[in-house]
Structures are given as structure tokens and as C-alpha cells.
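**Q** Take a look at the following structure, please.
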Amino acid sequence: MRGKLAAGNWKMNGLAAQVSEVEALAAMLPSDLAAEVLICPPATLLAAFASRAGPIAIGGQDCHPVESGAHTGDISAQMLADAGATYVILGHSERRADHGEGDADIRAKVAAARAANLTPIVCVGETEAQYRAGETLSVIASQIDGSLPEAVEGDLVVAYEPVWAIGTGLVPQMAEIGAVHGAIRGQLAARYGAQAADAIRLLYGGSVKPSNAAEIFAVPDVDGALVGGASLKAVDFGPIVAALSG
Ligand code: PEP
């Protein structure tokens, strides 16, 4: 039975003073919590968060596909692990848009993450134009096909994040989320076999808030959320985690 995951993506937000937020969140978690909680802070805060996050896992927001070398400004998966990370977000739509990352880049990063023993969270999602054109399922299928490894080894998480829902307050209909997650699960089963596909956690991301979390988590094949804005404050993320834990 796969577990549930509430993951927070802090993006380019947070200074040293905000370590108190992760401590506050840790203090809010009940001892019988039935979900895993993850915060992905900016790289500058990884080590500080890892040392003070208690039961909360820590992750990176990206990694370079190679282990070390002449790549100014980049961070390898080994470096993330060395700083205390156990997860890494890969292929977020902001990386795809701002840095021109394509599916092949993301697949190479997934391999690097696995080699460093990090769990990759691979993001897929359609743009607003693609949504309006009715292309959601084909776009997601193509991104899954190109971004994921040929064979699954170890832990893997996929996050469905419609680009038009990120940071906008817009959320697809619950039936739409269910249709996409069901299609992803089916594609993973065809690729890796039913048993391996069943172990892969599928997160929904895009304007998840305390007010809509329970409804989203009730959708079949939604195993948790990747949360941006509402993960920055413990008072917002805590209730989302509680809704997931049930
Ligand atoms: C994200 O960027 O992954 C995200 C889901 O952001 P938000 O929750 O702010 O829409």
C-alpha cells in the first residue's frame, strides 16, 4: 500500500529566519500522522532545514544530471543528499519554462537523483492553451513517456501540476484531476507493470489550499499534493497535511 505525501515547494523564497516555519510545522504534526511531510526549501537553506525539521523530510528543487564538474551555479544530486535531502523535485513547469528544460533533460536528472539515492518528484502538466484545446491527456502522456526512466527502480513520485493552476487560485474540476491521475496510473502500469505502478505516488499540485485540500485528497489516485504558496507558512500547510492524514 503506497503512503501519502504532502510536499511543499518553497521556490525562491525563504531566508535563515524562516527556519522557524519548519520548526513550527514539525511541532504541529501529531505523533500518529498518517502521511509523509516534505519541504523543499531553496538550496541555501537545505542544511539548516535538515538539521531542524524533526520528522519532516527535506528535498531539493532541481539537480544537475552529472555528479560534479565545471557547471557554475549548478547543484548535483549528491550535493543535495550530502546536505540532508532525501527528495528532489524535477521538471517543475517553472524549470521547463525559465530554463528550457525538456523531457530528455528531466529523464537524465531522474537517473542522477536515483544514483544519489534521492526520490525524484517528476512534474508534468499542460499549459492553459493546451487545456483549452483539449490536449491535456496527450500532453501528460508525452511528458510521462519522455521524462521517466525506461525501468523503475526505487522510489518514484509523479506530480500532476496544470501550469494554469499554479499560483493562480484556479483548480481543475475534481473529475478532471481524477481522469488525469487515472490515465497516469494506467500509463505507468503499461510501462512498468501493475505492481510497480501501484507503488508510485501521484501528487496533485496547483493552488492547493486548506479550503480545497480535503476535496482534492478524496479524488481516486491522488496520493498527496505538491504545494507552493500555501507551504510557506505552517498555519497554512499544517491544515493541508492534516486533511491528507485524515
Ligand atoms: C507549485 O509551484 O508547485 C505549486 C503547486 O504552486 P501553488 O501551490 O502556489 O499553486
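Heads up: the sequence shown begins at 15 in the numbering used here, then just goes up one per residue. Note that beta-carbon positions come from the ideal geometry of N, C-alpha and C, so glycine has one too.
Using three-state DSSP, classify His78 as helix, strand or coil.
**A** Strand, per DSSP.
**Q** Applying the criterion that 16 or more other CB atoms from any shown protein chain within 10 Å of the CB defines a buried residue, is Val249 buried or exposed?
**A** Answer is exposed; the Cβ neighbour count stays below 16.
**Q** With DSSP as the reference, label Glu50 as helix, strand or coil.
**A** Reduced to three states, the DSSP call for Glu50 is strand.
**Q** Could you tell me whether the segment 205-223 touches the segment 157-171, where touching means 3 or more Cβ pairs closer than 8 angstroms?
**A** The segment 205-223 vs the segment 157-171: in contact.
**Q** Pull up the distance between the alpha-carbon of His106 and that of Ser45, whole angstroms please.
**A** Going from the Cα of His106 to the Cα of Ser45 covers about 31 angstroms.
**Q** Please go through the same chain and pick out, in chain order, the residues whose beta-carbon is closer than 8 angstroms to the beta-carbon of Ala126, but skip the five residues on each side of it.
**A** Cβ neighbours of Ala126 beyond the five flanking positions: Cys77, His78, Pro79, Val80, Glu81, Ser90 and Ala91.
**Q** Can you tell me which of Ala48, Ala179 and Arg66 puts its alpha carbon nearest to the alpha carbon of Ala38?
**A** Ranking the options by Cα distance to Ala38, first place goes to Arg66.
**Q** Suppose only complete runs of 3+ residues qualify. What are the beta strand (DSSP E) ranges in the segment 19-63, listed by chain order?
**A** Segments of the beta strand (DSSP E) lying fully in the segment 19-63: 19-23 and 50-54.
**Q** Applying the criterion that 16 or more other CB atoms from any shown protein chain within 10 Å of the CB defines a buried residue, is Ala111 buried or exposed?
**A** Burial call: exposed.
**Q** Going by DSSP, what residues sit across from Ala173 in a beta bridge?
**A** Ala173 pairs with Cys137 and Leu217.
**Q** The ligand PEP and Asn226: does any heavy atom of the ligand fall closer than 6 angstroms to the residue's C-beta?
**A** No.
**Q** Grab the span of the alpha helix (DSSP H) containing Ile158 for me, first residue to last.
**A** Per DSSP, Ile158 belongs to the alpha helix (DSSP H) from Thr150 to Ser161.
**Q** Could you spell out the range, first to last residue, of the alpha helix (DSSP H) harbouring Leu94?
**A** That run of the alpha helix (DSSP H) goes Ala91 to Asp96.
**Q** Please report how far the alpha carbon of Met42 lies from the alpha carbon of Ala49, in whole angstroms.
**A** Their backbone Cα atoms lie some 13 angstroms apart in a straight line.
**Q** What does the alpha-carbon distance come out to for the pair Val138 and Ala31?
**A** One C-alpha to the other measures close to 32 angstroms.
**Q** Under 6 angstroms: does the beta carbon of Ile135 sit that close to some heavy atom of the ligand PEP?
**A** Checking every heavy atom of the ligand PEP against the Cβ of Ile135, none is found closer than 6 angstroms.
**Q** Whole angstroms is fine: what's the gap from Tyr218's alpha carbon to Leu94's?
**A** So the alpha carbons of these two residues sit roughly 24 angstroms apart.
**Q** Quick one: measure Cβ to Cβ for Arg215 and Gly17, integer angstroms, because I've assumed they're closer than 8 angstroms.
**A** Yes, they are in contact, since the Cβ atoms of Arg215 and Gly17 sit about 7 angstroms apart, within 8 angstroms.
**Q** Relative to the C-alpha of Ala244, which candidate in Glu149, Ala173, Gly220 and Ala232 has its C-alpha closest?
**A** Selected option, being the one with the closest Cα: Gly220.
**Q** If you compare alpha carbons, which of Glu229, Gly116, Ala210 and Leu170 is closest to Glu190?
**A** For Glu190, the nearest C-alpha among the options comes from Glu229.
**Q** When you compare the CB of Ala193 with every CB in chain D, is at least one pair closer than 7 angstroms?
**A** Considering every chain present, this structure includes no chain D. It has just one protein chain.
**Q** Closer than 8 angstroms by C-beta to Ala257: which residues in its own chain qualify, once you throw out the five before and the five after it? Chain order, please.
**A** Taken in chain order, the residues that qualify are Pro224, Ala227, Ala228 and Phe231.
**Q** Specify, as a first and last residue, the run of the alpha helix (DSSP H) that Ile103 falls within.
**A** Per DSSP, Ile103 belongs to no alpha helix (DSSP H); it is in the beta strand (DSSP E), Tyr101 to Leu104.
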